[in-house]
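K.L.:
Protein chains in written order, with the numbering used here: chain D, 1 to 221; chain X, 1001 to 1240.
Each residue gets a CB set at the ideal place from its N, CA and C atoms; glycine is no exception.
Computed from a prediction, not measured in an experiment: that's the story for all the values here.
Structure provided below as structure tokens; questions to follow.
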Amino acid sequence: MLDYTFHWRPALRALPEMLSGALVTLEIAVLSMILGTIAGVLLALARQSGNRLLSGFATGWIELARNTPALLQVYMAYFGLGSIGIFLDSYLSVLLGIAFNNAGYLAETFRGAMRAIPHTQVRAARSLGMGSAKAFRLIVLPQMFRIAFYPMTNQMVWAILMTSIGVIVGLDTDLTGVTQELNVRTFRTFEYFAIAAVLYYLIAKLVTVSARLMAWRLFRY
Amino acid sequence: MIEIENVRKSFGSLEILKGVSLNVEKGEVVSVIGGSGSGKSTLLMCINGLEPIQGGRIVVDGVDVHDRRTDINKLRQKIGIVFQQWNAFPHLTVLENVTLAPRKVLGIGRREAEEVAVRHLAHVGLGDKLGVFPSKLSGGQQQRMAIARALAMSPDYMLFDEVTSALDPQLVGEVLATLRMLSEEGMTMIIVTHEIRFARDVSDRVAFFREGVIHEIGPPEQVIGNPQRPETVEFLNSVL
């Protein structure tokens, strides 16, 4: 049945190229998490703000991000924004599309984490003369990040895997993009994608393990 | 001086304080006793503006607590409060719990804040727990840490809201000893408490709260030793 012969040697020769693709993948994921975390905190606050405009905006964002495919979100960043005259290159579209998705999921994670912190914590902080912004920054935020830490790790792994969507808007520098290019050039589909899968797996593991180390260092209480 | 004039406070349609008046002089220790739900704790929350009021006014050193123009964060710096549920900040060590507000609110440098904190922590008997997280402390130790945390802001007034109610009986003594020490040092204090004997020992005046008003107030020898109102007698009989 097999008239396909495996050629691992030439495929492995492309490893440096694929590794630099993996680096781009990791870079997009990290940046999208940073943007997503900042936006997520703001969305969580906006949603609870009591201001109808703000909470409506936040709810809309969160609903869209969580209930439509990530692929469509990246598509919208590339072609959708393009049709109203905002042209983003593929790298930025992927980054912003995934950041949009991250923000939606993280906002809900953060909202839940904030609710888990007793209101009396804020009361105690206010009684010491802290304003509400200071009490949030010094007392709520650090405790919130601890509660949200493991869900954030999951989101980070998810973000890494989502970057592979980039290939549909022409991203050719990330791991999937590089692999696809090699595939088209050589048709060694199985070999290249198998190597890519191993690399994705290793990046994801690397993230989980370093998150565990970080938690151990950060959360001593 | 804390001047409380005819204060009214409601939660929704439920009126908790129905016209409370009380003046507390500098250096005075006033204990507030009374049944659950009589409004004792609520009054403390109103004094430092953690709760709004619906009538009357509270003036601390000439500043109206609930006036919109009052810088409440500034005013709170001179009114320390310790809660029934001590509210330690779990993500900070004992030392950091105590230095946080002096550094971030008063803007004192780290080293100076730590010196002050160490002094207060030693004062309440926690000098050997500086680097420990609150989760490793007993309830009584956490409560004493909360007292040190409030004292580190060098307040002029201290409010204590049933600070021993959530503690195991064997831990009550250490916290009361700390309060006693403060009263001997001349701290102005309002102590909401169920510890009647303690109130009798440390207070200059005792106020008996009933149904949202001060039902009887006077020196402890009177209110606890020889109460004038039948309701006070009844309350004391039920708790002693």
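Can you grab the Cα-Cα spacing for the pair D/Thr176 / D/Ala196, in whole Å?
P.N.:
Distance between the alpha carbons of D/Thr176 and D/Ala196 is about 7 Å.
K.L.:
Can you tell me which residues form a DSSP beta bridge with X/Ala945?
P.N.:
Since the first and last residues shown for chain X are 1001 and 1240, residue 945 of chain X lies out of range.
K.L.:
Could you list which residues in chain D have their beta carbon closer than 8 Å to that of X/Arg1200, in chain order?
P.N.:
Per Cβ cutoff of 8 Å: no residues; X/Arg1200 is ~28 Å from chain D at best.
K.L.:
Does the distance from the CB of D/Met156 to the CB of X/Val1105 come in under 7 Å?
P.N.:
Not closer than 7 Å, so no.
K.L.:
With respect to the alpha helix (DSSP H) encompassing X/Ser1135, which residues constitute its N-terminal and C-terminal limits?
P.N.:
X/Ser1135 -> no alpha helix (DSSP H), and no H or E assigned at all.
K.L.:
Could you pull out every residue in the same chain whose Cβ sits closer than 6 Å to the Cβ of D/Pro151, ignoring the five residues on either side in sequence?
P.N.:
Here the set comprises Thr109.
K.L.:
Under a three-way DSSP split, which group does D/Leu222 fall into?
P.N.:
The requested residue 222 of chain D is not part of the displayed model; chain D covers only 1 to 221.
K.L.:
Please decide whether D/Ile117 counts as near chain X, where near means a Cβ-Cβ distance under 7 Å.
P.N.:
Not one chain X Cβ lies under 7 Å of D/Ile117.
K.L.:
Which residues mark the beginning and the end of the beta strand (DSSP E) in which X/Phe1160 is found?
P.N.:
It spans 1157-1161 - the beta strand (DSSP E) in which X/Phe1160 sits, taken as one unbroken run.
K.L.:
Can you tell which of X/Val1239, X/Val1202, X/Glu1234 has its C-alpha closest to the C-alpha of X/Glu1221?
P.N.:
That would be X/Val1202, whose Cα lies nearest to the Cα of X/Glu1221.
K.L.:
What are the residues in the region 133-160 of chain D lying within 8 Å of chain X by C-beta distance?
P.N.:
Listed by position along the chain: Lys134, Leu138, Ile139, Pro142, Gln143, Arg146.
K.L.:
Return the residue from the list X/Ile1058, X/Glu1005, X/Val1118, X/Ala1152 that minimises the CA-CA distance to X/Gly1127.
P.N.:
If we check each option's Cα against that of X/Gly1127, X/Val1118 comes out closest.
K.L.:
Report the residues of the region 1037-1054 of chain X with a CB closer than 7 Å to any CB of chain D, ordered along the chain.
P.N.:
Result list: Asn1048, Leu1050.
K.L.:
Looking at the unbroken beta strand (DSSP E) that takes in X/Arg1057, where does it start and where does it end?
P.N.:
From DSSP, the beta strand (DSSP E) with X/Arg1057 extends over 1055-1060.
K.L.:
Report the partner residues of X/Arg1103 according to the DSSP bridge assignment.
P.N.:
Note: X/Arg1103 sits in no beta bridge, so no partner.
K.L.:
Enumerated in chain order, which unbroken segments of the alpha helix (DSSP H) with a length of 4 residues or greater are wholly contained in the region 152-206 of chain D?
P.N.:
The region 152-206 of chain D contains these whole alpha helix (DSSP H) runs: 175-186.
K.L.:
Check the Cβ of D/Gln48 against every Cβ in chain X and list those closer than 8 Å, keeping chain order.
P.N.:
Ordered by position in chain X, no residue passes the 8 Å Cβ test against D/Gln48, which lies about 20 Å from the chain.
K.L.:
Taking three-plus beta-carbon pairs below 8 Å as touching, is the region 1019-1034 of chain X in contact with the region 1063-1071 of chain X?
P.N.:
Verdict: no, contact absent.
K.L.:
For D/Thr37, name the three-state secondary structure that DSSP assigns.
P.N.:
Helix at D/Thr37.
K.L.:
Please list the residues of the region 118-130 of chain D that have a C-beta atom closer than 7 Å to any C-beta atom in chain X, keeping them in chain order.
P.N.:
If the cut-off is 7 Å between Cβ atoms, the region 118-130 of chain D has Thr120, Gln121, Arg123, Ala124, Arg126, Ser127, Leu128, Gly129, Met130 near chain X.
K.L.:
Work out the CA separation of X/Gly1049 and D/Asn101 for me, nearest whole Å.
P.N.:
Approximately 41 Å, taken between the alpha carbons.
K.L.:
D/Tyr221 versus chain X: which residues are under 9 Å apart at the beta carbon?
P.N.:
Here the neighbours are Pro1090, His1091, Leu1092, Thr1093, Phe1133, Pro1134, Ser1135, Lys1136.
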